[in-house]
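A.B. asks:
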Amino acid sequence: MRAQQLQRPGPIGDGPLIDGDLEDPIAGPGDLVVEVTVCAVCRTDLQLVEGDLPARSLPITPGHQAVGHVVAVGERVTDWTVGDRAGIGWLAGTCGTCRFCTSGRENLCETAVFTGWDRDGGYASRAIVRADFALRMPTGRPDVELAPLLCGGVIGYRSLRASGIRPGGRLGLFGFGASASLAIQIATHWTCDVFVATRSEPEQGRAREMGAVWAGGYDEAIPEPLDAAVTFAPAGDVVVAALAAVDRGGVVAVNAIHLDHVPQFDYDLLWWEREIRSVANYTRADARDFLSIAAEIPIGTAVEEYPLAQANAALQDLKRGAIRGTAVLVSSQ
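So for the sequence shown, our numbering puts the first residue at 85; every next one is plus one.
#1: Check for me: the alpha helix (DSSP H) holding Ile268 runs from which residue to which?
#2: Roughly how many angstroms lie between the CA atoms of Arg391 and Val228, to the nearest whole one?
#3: Hey, how far is the Cα of Phe258 from the Cα of Asp103?
#4: For a minimum of 3 consecutive residues, which ranges assigned as the beta strand (DSSP E) are wholly contained in the region 367-396?
#5: In terms of residue numbering, what span does the beta strand (DSSP E) encompassing Leu130 cover?
#6: Considering only the beta carbon of each residue, do Ala211 and Pro100 sit closer than 8 Å?
#7: Under a Cβ-count criterion, where at least 16 other Cβ atoms within 10 Å of its own Cβ denotes burial, should Tyr366 be classed as buried or exposed?
#8: Would you identify the three-state DSSP class for Glu357, choosing helix, strand or coil?
#9: Using DSSP with H/G/I as helix, E/B as strand and the rest coil, what is Ser415?
#10: Do Leu175 and Phe217 have their C-beta atoms closer together than 8 Å?
#11: Could you compute how far the alpha carbon of Ala264 sits from the alpha carbon of Gly240?
#12: Could you pull out every residue in the same chain whose Cβ sits closer than 6 Å to the Cβ of Thr128, ignoring the five residues on either side in sequence?
#13: Beta carbon of Leu244, beta carbon of Ala208: below 8 Å?
#14: Pick out the complete beta strand (DSSP E) segments inside the region 145-214, 3 residues or longer, and give them in chain order.
#15: Tell me which same chain residues have a C-beta within less than 6 Å of the C-beta of Gly158, skipping the five on either side of it?
#16: What's the C-alpha gap between Arg372 and Leu234?
#17: Does Val345 pass the burial test, meaning 16 or more other C-beta atoms within 10 Å, or should it be called exposed?
#18: Could you please give the first and the last residue of the uninterrupted alpha helix (DSSP H) stretch that includes Gln288?
#19: Along the beta strand (DSSP E) that carries Gly405, what are the first and last residues, could you check?
#20: Suppose you measure from the CA of Ala397 to the CA of Trp356; what does that come to, to the nearest Å?
#21: Which of helix, strand or coil does DSSP assign to Phe258?
#22: Can you give me the C-alpha to C-alpha distance between His153 and Gln269, rounded to a whole angstrom?
#23: Using 8 Å as the Cβ pair cut-off and three pairs as the minimum, do the region 310-318 and the region 327-342 touch?
#24: Cα separation between Ser415 and Val120?
#25: Pull up the DSSP beta-bridge partners for Glu119, would you.
#26: What do you reckon, are the CB atoms on Arg92 and Leu142 nearer than 8 Å?
#27: I need the DSSP call for Asn320, collapsed to helix, strand or coil.
#28: Based on the DSSP secondary-structure assignment, which residues constitute the bridge partners of Ile102?
#29: On the DSSP bridge assignment, give the partners of Ser362 in chain order.
#30: Since Thr195 and Cys179 should fall inside the 8 Å C-beta cutoff, what is the C-beta to C-beta distance between them, to a whole number of angstroms?
#31: Relative to the C-alpha of Leu310, which residue among Gly236, Leu106, Glu359 and Arg214 is closest?
#32: For Ala278, list the residues DSSP reports as bridge partners.
#33: On a CA-only basis, which of Arg86, Ala411 and Val151 is nearest Thr223? Give me that one, please.
#34: From this set, Pro95, Ala87, Gly167 and Leu192, which residue's C-alpha is nearest Pro146's C-alpha?
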């Protein structure tokens with residue numbers, strides 16, 4: 085099988101992902117082997133490849149938004165068959181027995197493993213996934229449109245819930261990349277007034293096209309106090325800007341696995357029961373709920389396709405801000 089492997093982190097401009105020919109994976113007990121047709125690219129992949137997110141295992145095949153079809157089923161698997169369409173997301177496995185797993189918070193499991201970080205992911209023509217963590221995908225849509233939902237969509241949904249936003253409320257989105265462009269569709273479906281702050285003028289225009297009642301830069305004053313906010317940009321100063329924009333009792337949900345330095349700020353910004361809340365991973369229940377909502381709305385995804393062998397180029401374009409929507413690697417190209 086073909087795979088894009090990271091041997092050693094480095095600047096994406098140096099092409100750290102190596103195209104290789106590896107042995108086909110074999111399904112162990114409880115596993116599925118999935119023939120990957122597409123894998124969406126995520127900023128977390130870029131952070132891993134460049135070393136901002138420390139690698140846990142090397143070499144590693146990145147990618148945690150893969151869609152394909154089951155080609156092998158391991159022992160003890162009874163609810164999947166060869167030919168089923170399956171999604172492979174970020175959460176690859178948990179212990180199932182700890183205080184977090186048994187209380188509906190498996191995203192916090194201390195021994196959780198993650199696709200493309202702890203175990204090989206979807207930047208490959210085939211991948212292994214635990215059958216109980218494989219995701220059933222909505223019908224009637226092509227794989228390339230569904231792959232971006234598996235991280236940016238699911239974690240964006242969890243972030244909205246973490247923010248406490250209610251239907252009809254005033255919501256701020258800080259940053260407007262792939263995940264935010266999915267979150268805004270949920271928020272407008274919930275009849276929220278959405279205010280978008282982002283550095284890029286083209287992204288501001290796109291936010292307005294997608295239903296934002298206001299869009300501007302991080303340094304511009306949002307015209308109304310926000311009930312809640314979600315930050316998508318991996319920058320600490322953006323978190324402070326969001327905190328300054330929320331009303332009393334408002335929550336800022338931070339949608340980031342890695343964040344640079346948060347500058348010092350006055351306690352007055354936090355007083356009146358404002359909160360900053362990190363968002364860590366997601367649960368399988370989150371994924372099921374979101375995929376159901378995505379099919380109901382339905383949530384649209386703008387994609388730019390790249391051949392699997394051009395994974396470095398896709399990540400470089402992501403870093404440059406040159407992608408409108410989500411980059412998706414296509415195995416057959």
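Every residue, glycine too, gets a C-beta built ideally from N, C-alpha and C.
In this text, all values refer to a predicted model and were calculated from it rather than measured experimentally.
C.D. replies: Reading it off the structure:
#1: Ala262 to His273
#2: Here residue 391 turns out to be Pro, not Arg, going by the sequence shown. When the Cα atoms are used, Pro391 and Val228 turn out to be separated by approximately 12 Å.
#3: 35 Å
#4: 387-391
#5: Taken as a continuous stretch (DSSP letters only), Leu130 belongs to no beta strand (DSSP E), being part of the alpha helix (DSSP H) at Arg127 to Glu134.
#6: no
#7: buried
#8: Residue state, collapsed to three classes: coil.
#9: It is coil, neither helix nor strand.
#10: Yes, these two residues count as a Cβ contact at 8 Å.
#11: Answer to the nearest angstrom: the Cα atoms are 7 Å apart.
#12: Closer than 6 Å at Cβ, skipping near neighbours: Ile341.
#13: Against a cut-off of 8 Å, the Cβ pair of Ala208 and Leu244 comes out as no contact.
#14: 150-157, 169-172, 175-177 and 210-214
#15: Ala111, Gly112, Pro113, Gly114 and Asp115
#16: About 10 Å.
#17: Residue identity differs from the one stated: residue 345 is His in this sequence, not Val. His345 is exposed by the Cβ-count criterion.
#18: Glu285 to Glu293
#19: Gly405 -> no beta strand (DSSP E), and no H or E assigned at all.
#20: 46 Å
#21: strand
#22: 28 Å
#23: Counting Cβ pairs under 8 Å, three or more are found: they touch.
#24: 7 Å
#25: His153 and Arg210
#26: Cβ distance < 8 Å, so Arg92 and Leu142 count as in contact.
#27: For the sequence presented, residue 320 should be read as Gly rather than Asn. It is helical.
#28: Under DSSP, the beta-bridge partners assigned to Ile102 are Gln89.
#29: Val338
#30: 5 Å
#31: For the options Gly236, Leu106, Glu359 and Arg214, the alpha carbon positioned closest to that of Leu310 is the one of Glu359.
#32: Residue 278 is actually Val in this sequence, not Ala. According to DSSP, which records beta bridges pairwise, Val278 is partnered with Leu255.
#33: Val151
#34: Ala87
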